[in-house]
Amino acid sequence: MKRNLKFCPNCGAERVPNERFCGDCGYDTQSVEPSQSPENRPIQTFSASSGMELWRRLGLLAGILVGLALFCYVTPAVVSLTAVDWEQEQAKELNSASGYVSEEDKRLSQLPLANYIQEKTDGKVTVVNNGEWLTLLTDVQLASHGQYERSAYGNRVSEEDKDPFWEAIGPVAVFFEPDEIPYTEWGLTQEDLDRSYISIDQDGQTAYFLLRYHDYSASVSAMSKPYTVAPDWLYHPYRKAGIAVLLLGLAAYIFLPRRKKEPEEIAYSTGSMLAGDLVALILLLPFYGLPFLINGGTVQAVSGFWIISAVMWFLALLCVLLFYYNAWYASYRITLTAESLSLITFRGVREYKWKDITEANFVTLRNPGWFRKLFLAMAFLSVMGGRTSTQPAGSALLAASAAYSGLEIQGTGGKPLYIWFTNQNGGVIINNFDKVLEAIEASGVRINRNMRSIEGFSMFM
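For what it's worth, numbering that gives the first Met the number 0 labels the leading residue of the sequence shown as 0, then goes sequentially.
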């Protein structure tokens, strides 16, 4: 039997009359039993794309949370190789910024070079196989002496050592990941700043190199890190991946399909939802990301000043809740029939029969008193602390003055239904909201238009 359903039973979209297949999702509407059709049960007809509002924001959140963690991640350790010019090192024994030269320094400067090397290395120099490591160490020597263009490892020198303003005096360190060279075989241990020496024969002359182990999990901490660190691509190995994940999250938010809204639909305006997401994003980024910056890295945010991280991440969690409720409001719409009022979101459908509704009241929602006092106290402490910024005072004023207008619907079911139809500045944010008032009056339910003030947060009411 041919059926002319008003709504698609698969996605809930309004259909063109006499068309068998849904124009939105292609579903065969003739395969539906009459008892299951939306025209028989109108409160069940909500678009499957409403759930996409949640997935869009989950994609953005995943991109931010994972992307920032990858972006700020610091590699646990690196090993550096530095060419050693022993003649230069011995000459520096007599150089002193203060002008004072100790007897020990004088003694070292007068030793034969072979004895000087023996004493400075404690006689612990590992002789490296010429054939296996000659090419690598030759390139290290070139980079260590500032010949970056001629060396395959010119990009492994610290940015600080390449800075012409802080031009290095003498050979500089060349950095490697620990698994790139057999540092344990060359006498180095996994202790921060542990050192060892190796030597290799180059064209009949012995070249020496200093090895150092840099344990960044120990030396990088809150607001502190070594002056000279590995180049950024080694120091932050997942930075590009973090940027890619951030962009993927943003792309998910932008390009995943939004729920289609009809001109006559009773729903929150798209502009108000975008504004809510923007506020949540602006708050989330500093609350989530600052612990990484303060502590010096992703792992350090947990192992360092973890109390600061815990407090700020708790605030970040509130921002995540804002995204969730923005998704709920973005999928929110009201449908009206002769028998009922229905609220439709990605969480499902809530139907309120007119016969079960006893009254409707206009209400004004303000932030709780404790919340307003908290912002006032923060502004007071800011002034007492000598801060000249007006931001804390502005936040306190906004928290104290914010008010949302809404409709409270009382019924026999116990807990009232609240529909918040203005923003904190009094602007109407639900399109076609007047239709709700007309339907309530047409059903015979009394509307009390005298505003009553209540306290709370709209997302929890």
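All C-beta atoms in this analysis are idealised placements derived from N, C-alpha and C, irrespective of residue type, glycine included.
Rank Gly275, Leu273, Phe420 and Pro285 by C-alpha distance to the C-alpha of Phe313 and give the top, closest one.
Pro285
State the DSSP-derived secondary structure class of Lys123, mapped to helix, strand or coil.
coil
How long is the line joining the alpha carbons of Gly461 and Ala359, rounded to whole angstroms?
Only positions 0 to 460 of the chain appear in the structure, and residue 461 is not among them; the question remains open.
Three-state secondary structure (DSSP) of Glu52:
Residue state, collapsed to three classes: helix.
With respect to the beta strand (DSSP E) encompassing Gly410, which residues constitute its N-terminal and C-terminal limits?
Run containing Gly410: Ala402 to Gly410, per the beta strand (DSSP E) assignment.
When burial is assigned at 16 or more other CB atoms within 10 Å of the CB, is Met51 buried or exposed?
Classification of Met51: buried, given that the 10 Å Cβ count is 16 or more.
Do you know whose CA, among Glu88, Ile356, Thr205 and Ile265, lies nearest Arg445's CA?
Ile356
Do Val83 and Leu209 have their C-beta atoms closer together than 7 Å?
yes
Can Pro225 be considered in contact with the ligand MN, in the sense that its beta carbon sits closer than 6 Å to one or more heavy atoms?
No copy of the ligand MN appears in this structure; indeed no ligand is present at all.
Below 7 Å between beta carbons: does that hold for Val127 and Ile180?
no
On the three-state DSSP scale, how would you describe Ile180?
In the displayed model, Ile180 falls within coil according to three-state DSSP, outside both helix and strand.
Assuming Ala251 contacts Arg55 under a Cβ cut-off of 8 Å, what Cβ separation, rounded to an integer in Å, is found between them?
6 Å
Can the beta-carbon of Leu136 be found less than 7 Å from the beta-carbon of Arg149?
no
Express the C-alpha separation of Ala243 and Ile408 in angstroms, rounding to a whole number.
47 Å
Buried versus exposed call for Thr188 [16 or more other C-beta atoms within 10 Å across all chains shown]
exposed
Give the straight-line distance between the Cα atoms of Gly66 and Gly248, rounded to the nearest whole angstrom.
9 Å
Secondary structure at Ile333, three-state DSSP: helix, strand or coil?
strand
Can the beta-carbon of Pro170 be found closer than 7 Å to that of Ser143?
yes
CA-to-CA distance, Gly288 to Ser157, given in whole angstroms
25 Å
Residues bridged to Trp419 (per DSSP):
DSSP lists Gly405 as partners of Trp419.
Considering only residues of the same chain and omitting the five flanking positions on each side of Gly412, which have a CB-CB separation below 7 Å?
Asp355
If the criterion is Cβ atoms closer than 7 Å, does the pair Tyr152 and Val173 meet it?
yes
Counted within 10 angstroms of its Cβ, other Cβ atoms place Asp87 as buried (16 or more) or exposed
In the sequence as presented, Asp is not what sits at residue 87; that position holds Gln. With fewer than 16 other Cβ atoms inside 10 Å of its own Cβ, Gln87 counts as exposed.
Pairs of beta-carbons, one from the segment 251 to 264 and one from the segment 295 to 312, closer than 8 Å: are there three or more?
no
Take the Cβ of Glu420 as the centre, count every other Cβ of all protein chains shown within 10 Å, and call the residue buried at 16 or more, exposed below.
A small fix is needed here, since residue 420 is Phe in this sequence, not Glu. Buried, since its Cβ has 16 or more Cβ neighbours within 10 Å.
Tell me whether Ala315 is buried or exposed, calling it buried when 16 or more other Cβ atoms sit within 10 Å of its Cβ.
Around the beta carbon of Ala315, a 10 Å sphere encloses 16 or more other beta carbons of the protein chains shown; the residue is thus reported as buried.
If I'm right that Met450 touches Thr389 with Cβ under 8 Å, what's the distance once you round it to whole angstroms?
That belief does not hold up - the Cβ atoms of Met450 and Thr389 are roughly 31 Å apart, past 8 Å.
By the three-class DSSP mapping on this structure, what secondary structure does Ala433 have?
It should be noted that the sequence gives Asp, not Ala, for residue 433. The answer is helix: DSSP assigns Asp433 an H, G or I state.
Would you mind reading off the limits of the alpha helix (DSSP H) that contains Ile352?
Here the sequence assigns Lys to residue 352, which means Ile is not the residue at that position. It is not in any alpha helix (DSSP H) - Lys352 instead sits in the beta strand (DSSP E) that spans Gly347 to Lys352.
Quick one, are the C-beta atoms of Phe304 and Ala217 less than 7 Å apart?
Not closer than 7 Å, so no.
Completely contained alpha helix (DSSP H) runs for the segment 218 to 287, where each covers 4 or more residues:
Segments of the alpha helix (DSSP H) lying fully in the segment 218 to 287: 231 to 234 and 238 to 254.
Which residue's Cα is closest to the Cα of Ala90: Leu80, Ala96, Ser108 and Val100?
Ser108
Looking at Ser394 and Phe374, is the spacing between their C-beta atoms short of 7 Å?
yes
Euclidean distance between Cα positions of Leu80 and Gly296:
24 Å
For Trp369, count neighbouring Cβ atoms within 10 angstroms of its own Cβ and tell me buried if that reaches 16, exposed if not.
By the neighbour-count criterion, in which a residue is buried when 16 or more other Cβ atoms sit within 10 angstroms of its Cβ, Trp369 is exposed.
May I ask which residues mark the beginning and end of the alpha helix (DSSP H) holding Asp162?
Segment: none, Asp162 is in no alpha helix (DSSP H) and carries neither H nor E.
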